[in-house]
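One structure is given here, and the rest of the page talks about it.
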Amino acid sequence: MNNEILVAPEEGGQRVDAFLSARLPDQSRNAVQRAIAAGEITFADGRAIKKNHITSSGDRFVCNIPEPVEIEALPQDIPLDVVYEDDALIVINKPRGMVVHPALGHPDGTVVNALLHHCRDSLSGVGGALRPGIVHRLDKDTSGLLIAAKSDAAHQALSDQLRDRSLTRIYEAVAIGRIGQDTGTIDLPIGRHPADRKRMSVHAKVSRDAVTHYTVLARYNGYTHLRCQLETGRTHQIRVHLASIGHPVLGDLSYGRKKAEKGLSGQCLHAKHLGFTHPNTGERIELEAELPGYFTDVLGKLGAAELV
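With the numbering used here applied, the sequence shown covers 753 to 1060.
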């Protein structure tokens, strides 16, 4: 995209990101902010734009935003830690730092790329071309159990269990601060953050019900080791809920403290347990993934534990 945009007299007095997102209908306000930061939008004379610039009549901007690259999910020979697999489904233990499906900024190297290689043509198409087989997701820096379906029928059955809340997902997390109650429930709806579309919030105007149950496993000086069970599955649910009660997940730079602690650059959150009814046999399957090294290393750095 190569556009030159002139500010008319009646268009002065606006923040530049709001003005440009209105004039560039294919670009969100966040996308405009990123383009300004990347130098893809400048003044016509080449000067950089400050993010809080207020437009004036006669301002002239040049937009050189690259055309979007079409993303395609292709098989890649990436090792997978397979916990369970049969003709209907596969469960893997996802490492932290691995994205689940291709997207802008992460076109490959994802779980989906690895599954396409491992499973060949036996993944359901319900999730679409970029999310074949994916029944539920984990954040990039959340480790642990993730299930994918190999047939449309299995995908539908597992999705139905997500909706009726019979698919069990239990996580372990380290939260900042000492949580006094041994058990608790956070019942707060979650929706898109009103000012930052990449984040979620319990104060959104449009939200959906969200329930997280937690149990304290151990307390440390300034931290709490928790087991969290999801009753619902909203984006970033555990991270948002724990932050909402003043105890964000350790290492969560989006919802917690803005600097790394205990050697972490992402949240200390692990999907440890997954339980579901097998879509073909009706058998109840219960799976566990032990705490990974990064998580146990963090626990070792917290000092003496006060066991519950």
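We treat Cβ as the ideally placed atom computed from N, Cα and C, and that holds for glycine.
Original post:
CB I844 to CB L898, shorter than 8 Å?
Top reply: Here residue 844 refers to the residue found at position 92 when the sequence shown is read from its first residue. Here residue 898 refers to the residue found at position 146 when the sequence shown is read from its first residue. Yes, they are a contact pair.
Original post:
K902: buried (16+ other C-beta within 10 angstroms of its C-beta) or exposed?
Top reply: Sequence index remark: in the sequence shown, residue 902 carries index 150 (1-based). By the neighbour-count criterion, in which a residue is buried when 16 or more other Cβ atoms sit within 10 angstroms of its Cβ, K902 is buried.
Original post:
Within 10 angstroms of its Cβ, does V968 collect 16 or more other Cβ (buried), or is it exposed?
Top reply: In the sequence shown, residue 968 corresponds to position 216, counting from 1. Answer is buried; the Cβ neighbour count reaches 16.
**OP:** Flag this pair as yes or no: are the beta carbons of L940 and V954 separated by less than 8 Å?
**Re:** As a first step, residue 940 must be located in the sequence shown, where it is residue number 188. As a first step, residue 954 must be located in the sequence shown, where it is residue number 202. L940 places its beta carbon less than 8 Å from that of V954.
Original post:
Taking DSSP as the reference, what is the three-state secondary structure of G877?
Top reply: The residue labelled residue 877 in the question sits at position 125 within the sequence shown. G877 falls in the coil class under three-state DSSP.
Original post:
Since R917 is in the beta strand (DSSP E), which residue starts that stretch and which ends it?
Top reply: Here residue 917 corresponds to residue number 165 of the sequence shown, with the count starting at 1. That residue, R917, is in no beta strand (DSSP E); it is neither H nor E in DSSP.
Subject >> Through-space distance from I806 to H1022, alpha-carbon basis >> reply: Position 270 of the sequence shown holds residue 1022. Position 54 of the sequence shown holds residue 806. Rounded to whole angstroms, H1022 to I806 spans 44 Å at the Cα level.
Original post:
Any idea if D829 is buried or exposed, counting beta-carbon neighbours within 10 angstroms, 16 or more meaning buried?
Top reply: As a first step, residue 829 must be located in the sequence shown, where it is residue number 77. D829 is exposed by the Cβ-count criterion.
**OP:** Determine the DSSP secondary structure at N973, reduced to helix, strand or coil.
**Re:** Residue numbering aside, residue 973 sits at position 221 when the sequence shown is read from its first letter. Secondary structure at N973: coil, using DSSP grouped into helix, strand and coil.
Subject >> Helix, strand or coil at R979 according to DSSP, with G and I counted as helix >> reply: Position 227 of the sequence shown holds residue 979. Strand.
Subject >> Meets three-Cβ-pair contact criterion under 8 Å: the stretch 771–784 and the stretch 808–817 >> reply: Yes, the stretch 771–784 is in contact with the stretch 808–817.
Subject >> Rounded distance between the beta-carbons of A927 and H999, thought under 8 Å >> reply: In the sequence shown, the residue the question calls residue 999 occupies position 247. In the sequence shown, the residue the question calls residue 927 occupies position 175. About 4 Å separates the beta carbon of H999 from that of A927, a gap short enough to meet the 8 Å contact definition.
**OP:** Provide the residue(s) that pair with D939 in DSSP beta bridges, ordered along the chain.
**Re:** Taking the first residue of the sequence shown as position 1, residue 939 is located at position 187. Answer is V963.
**OP:** Under 8 Å by Cβ, that's how I've got V834 and I842 pegged, so tell me the actual separation to the nearest angstrom.
**Re:** Looking up residue 834 in the sequence shown gives position 82. Looking up residue 842 in the sequence shown gives position 90. V834 to I842, Cβ: 6 Å. Contact.
Original post:
Going by the CB atoms, is the gap between V864 and M850 shorter than 8 Å?
Top reply: Working through the sequence shown from its first residue, we reach residue 850 at position 98. Working through the sequence shown from its first residue, we reach residue 864 at position 112. For M850 and V864, no; Cβs fall outside 8 Å.
Original post:
For the beta strand (DSSP E) that S895 lies in, which residues bound it at each end?
Top reply: Numbered from 1 along the sequence shown, position 143 holds the residue referred to as residue 895. Taken as a continuous stretch (DSSP letters only), the beta strand (DSSP E) holding S895 covers S895 to A901.
Original post:
If we count Cβ pairs, one from each stretch, closer than 8 Å, do we get three or more for the stretch 970–985 versus the stretch 874–886?
Top reply: With the rule of 3 Cβ pairs closer than 8 Å, the stretch 970–985 does not count as touching the stretch 874–886.
Original post:
Looking at C-alpha atoms only, which residue of Y836, E1013 and G1027 is the closest neighbour of K1053?
Top reply: Position 301 of the sequence shown, counting from 1, holds the residue named residue 1053. For K1053, the nearest C-alpha among the options comes from E1013.
Original post:
Going by Cα to Cα distance, which pick from E762, R775 and Q785 is closest to D948?
Top reply: By 1-based counting over the sequence shown, the position of residue 948 is 196. Checked all of E762, R775 and Q785; the closest Cα to D948 is Q785.
Original post:
How big is the Cα-Cα spacing for R1036 and A906?
Top reply: Sequence index remark: in the sequence shown, residue 1036 carries index 284 (1-based). Sequence index remark: in the sequence shown, residue 906 carries index 154 (1-based). Taking the straight line joining both Cα atoms gives about 14 Å.
Original post:
For the beta strand (DSSP E) that contains Y836, what are its first and last residues?
Top reply: Locating residue 836 in the sequence shown gives position 84, counting from the first residue. Going by DSSP, Y836 is part of the beta strand (DSSP E) stretching over V834 to E837.
**OP:** Label G1008 either buried or exposed according to how many other C-beta atoms from any shown protein chain fall within 10 Å of its C-beta, with 16 as the threshold for buried.
**Re:** The count along the sequence shown starts at 1 and reaches residue 1008 at position 256. Residue burial annotation: G1008 is buried, with at least 16 other C-beta atoms found within 10 angstroms of its C-beta.
**OP:** Please report how far the alpha carbon of I793 lies from the alpha carbon of S773, in whole angstroms.
**Re:** Here the question's residue 793 lines up with position 41 in the sequence shown. Here the question's residue 773 lines up with position 21 in the sequence shown. Each residue's alpha carbon lies about 12 Å from the other.
Original post:
Buried or exposed: where does Q1019 fall if 16 or more other Cβ atoms within 10 Å of its Cβ makes it buried?
Top reply: Here residue 1019 is taken as the residue at index 267 of the sequence shown, counted from 1. Around the CB of Q1019, 16 or more other CB atoms lie within 10 Å, so the residue is classed as buried.
**OP:** Please work out which residues of its chain come closer than 8 Å, Cβ to Cβ, to E763, disregarding the five sequence neighbours upstream and downstream, and give them in chain order.
**Re:** Position 11 of the sequence shown holds residue 763. These residues qualify, in order along the chain: F771, T807 and S809.
Subject >> Helix, strand or coil at G1055 [DSSP, three-state] >> reply: Taking the sequence shown and counting its residues from 1, one reaches residue 1055 at position 303. In this structure, G1055 counts as coil in the three-state DSSP scheme.
Original post:
Along the chain, where does the beta strand (DSSP E) that runs through V843 open and close?
Top reply: Along the sequence shown, one-based indexing puts residue 843 at 91. Bounds of the beta strand (DSSP E) holding V843 are L841 to K846.
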